[in-house]
Amino acid sequence: MTGHRADALEAGDVERLRERVRETLLLIEQAGRALLEREQDCFAPGPPRLRFVSPIADGTDQIAAELAVELGWELQAILPFAREHYRESLANHGARERFDALLQHSTCALELPGDPNDSLDAYVMTGRATVAHCDVLIAVWDGKPPRGRGGTAEVVQLALTRGTAIVHLPLDPKSETRVLWSAFDPTVVTVADDPSVARPLDADHVDTLLTGLLMPPPDPDEQHFLKRFLRERLRQIRARIEYPLLLTAAGVRRFSTRDLTDRHSAKMISEEWQRYRAGCVDAHNIMAPIDLLEQAYSWADRLATHFAQTYRSGHIFNFLLGGVAVCLGLSAFMAPHLKFDFAAIEMLITLAIIINAKVGTRLEWHRRWLDYRQLAERLRPMRSLKLLGIAAPDPPGTETNPVPRRWIDWYASGIWRAMGCTSGTIDRTCAARLGQAIADHEVGPQMSYHERNALQIELLDHRLEQIGTVLFAATLIVSIATLIGLALGANFVNVYGNWFTLVSAGFPALGTAVFGIRFQADFGGDAVRSMATANTLRQIDEELRKDVTLSRAADLAEQAARIMLSDLDEWRLVNQQRDLSVG
């Protein structure tokens, strides 16, 4: 909710406004309940949770909040500064009494570090926090562009640019209530006074709005991928270990039990989130609703880790066994009496490669790895954004059409929505400490991870390059020796000719297999991208460690999330065509 204070309302405005707000809330509630009834499979069991987020200032905020509570909605309060100072700033004794009553009804209250003597900045923060936590913004607004900071028009413009739908309730009784939503004109970036994004507030348009916001993408492929995700079960044992064995063979790291079971991943995630809670949440006496987020992240991350190892192992299996099959075929020259055996083994290897490729393609190992990794990395930074109270992830879809296009975006948006608001008091000192804590427990660890990842995969790429070079060098040496022997008529060419054939034809096949592994995995490109991400995160980390304001910390945390996602989006574009097909 955003709107005018009591001193801007005429005597006749209050009842008219009350009726319009009631109609709006009832329309939204009815559309939400009807949508849940139609599409129960897309949501958790039970009735819908209807939340009303408001600064509960005198005037329109309190009028709407009282109606929401009366209708059984959950009230979450966002206050621009400490509640005792905010209470004193209200218009009169009646407003203060209503404020107290509404706070009693609220399920959480977030007190922001605004300065009562500089209320404009405080109201800007409050508007930002309100938009960060809502799907629909009800705005009592004169329809004019912003005339200064902290006003209703500025909040409306922020909401529209973020893709948040707005219900515009004009004070003029002759003007109709409208829904403003940039998705109504998805071709261009729009502004609040653009008629192309406006629709009358009625049951049909509210239903269209909620369907776009709350339903998964209608694309059949996305529906299929979502259903597969919802059916997933976590494998405790990892049967495909070719990739960790390659890391061990290349001297990158040792093979361990973590490569065989999911227990290590589950333990590491749990311990990391415990450290985050202790250092960021508990240490600042803030109630951040991140339990659901942790569950969703842990599930997605563990699935992603499983399918990453499975998919990479499948590729290594295909490439290496392809090279081995060539060598077996050539070995028949050295042991003619085993020609049938070698041919049978070569046939079995070829069959295994085809089956591996077909099974991996049918079970979509590749797609599941990419999707679940993207989902996990979308979810992870939400804990810091939620903790800061005024920050939010970028809206789903595009800037011009903020409707989820992929099931990943829809699911992440649903988790953010279900979390609700943070509760507690963030003063100026606490804001600076939060910035430091997020640097310590969010940005810093991600920076370190990308640095380690870059070094590890760069080392792997280098070792594989060395192995390939040795194989081709051996081929060259044998070819030169064969040419010299033939030129000189040396007997060793006849004695060891079959071995020379094996090396000169088999080693290039193995070298090509090694090159195929490097090319398909793009280890070098991944290392470059990881290091670039680490360098960018280092700059954000350094800024967060300064004496930052809450707004600055929120800007930096949002940018960090954006950077990590942009790296992931680029990684996905590079990898999405590299499936297990043998063609």
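My numbering numbers the first residue of the sequence shown as 1288 and each following residue consecutively.
All residues carry an ideal CB built from backbone N, CA and C; glycine is no exception.
Owing to the predicted nature of the structure, the values given are computational and were not obtained by experimental measurement.
| Query | Result |
| --- | --- |
| Can you tell me which residues form a DSSP beta bridge with Asn1548? | For the record, residue 1548 in the displayed sequence is Thr; it is not Asn. Looking at the DSSP assignment, Thr1548 forms a beta bridge with Ile1524. |
| Going by DSSP in three states, Ile1754 sits in which element: helix, strand or coil? | helix |
| Assuming Phe1606 is part of the alpha helix (DSSP H), what are its boundary residues? | 1578-1618 |
| What residue from Ile1764, Leu1458, Ala1800 has the CA that sits closest to Glu1297's CA? | Leu1458 |
| Given a threshold of 16 other Cβ atoms within 10 Å of its Cβ, counted over all protein chains shown, does Glu1371 qualify as buried or as exposed? | exposed |
| Can you grab the Cα-Cα spacing for the pair His1420 / Ala1364, in whole Å? | 11 Å |
| Under a Cβ-count criterion, where at least 16 other Cβ atoms within 10 Å of its own Cβ denotes burial, should Gly1359 be classed as buried or exposed? | exposed |
| Using 8 Å for Cβ pairs, my map puts Ala1426 next to Val1443. What's the rounded Cβ distance? | 5 Å |
| Using the beta-carbon count (16 or more within 10 Å), is His1737 buried or exposed? | buried |
| Since I believe Tyr1530 is in contact with Ile1640 (beta carbons under 8 Å), could you give me their beta-carbon distance rounded to a whole number of angstroms? | Their Cβ separation, rounded to whole angstroms, is 16 Å, which puts Ile1640 and Tyr1530 out of contact at 8 Å. |
| Using the Cα positions of Ile1827 and Val1730, report the straight-line distance between them to the nearest angstrom. | 8 Å |
| Evaluate Asn1379 with the Cβ neighbour count: other Cβ atoms within 10 Å of its Cβ, from every protein chain shown; 16 or more gives buried, anything less gives exposed. | exposed |
| Kindly list the residues whose CB is nearer than 7 Å to the CB of Leu1305, restricted to its own chain and excluding five residues on each side of it in sequence; keep chain order. | A small fix is needed here, since residue 1305 is Arg in this sequence, not Leu. Once the five neighbours on either side are set aside, the close Cβ partners of Arg1305 are Ile1350, Leu1354. |
| For Glu1361, name the three-state secondary structure that DSSP assigns. | strand |
| Can you give, in chain order, each stretch of the beta strand (DSSP E) that sits fully within the stretch 1378-1466 and has at least 3 residues? | 1395-1398, 1423-1427, 1452-1456 |
| Can you give the Cα-Cα distance for Ile1636 and Leu1608, rounded to whole angstroms? | 7 Å |
| With C-beta atoms as the reference, is Ser1671 less than 9 Å away from Met1574? | no |
| Could you check whether the stretch 1668-1682 touches the stretch 1534-1554, counting it as contact only if at least three pairs of C-beta atoms, one from each stretch, sit closer than 8 Å? | no |
| For the beta strand (DSSP E) containing Arg1692, list its first residue and its last residue. | Arg1692 -> no beta strand (DSSP E), and no H or E assigned at all. |
| Could you give the first and the last residue of the continuous alpha helix (DSSP H) run that contains Ser1791? | 1784-1808 |
| What's the call for Ala1631, buried or exposed, on a 16-neighbour Cβ count within 10 Å? | exposed |
| Can you look up Met1574 in the DSSP assignment and give me helix, strand or coil? | strand |
| Starting from Val1340 and walking both ways along the beta strand (DSSP E), at which residues does that stretch end? | 1338-1341 |
| Does the Cβ of His1653 have 16 or more other Cβ atoms within 10 Å, making it buried, or fewer, making it exposed? | buried |
| Apply the 10 Å Cβ neighbour rule to Ala1808 and answer buried if 16 or more other Cβ atoms are within range, or exposed otherwise. | buried |
| Are three or more beta carbon pairs between the stretch 1503-1516 and the stretch 1485-1492 nearer than 8 Å? | no |
| Please return the same chain residues whose Cβ sits closer than 8 Å to the Cβ of Pro1691, not counting the five positions on each side in sequence. | Pro1503, Pro1504, Pro1683, Gly1684, Trp1697, Ser1700 |
| Please classify Asp1294 as buried or exposed, where buried requires at least 16 other C-beta atoms within 10 Å of its C-beta. | exposed |
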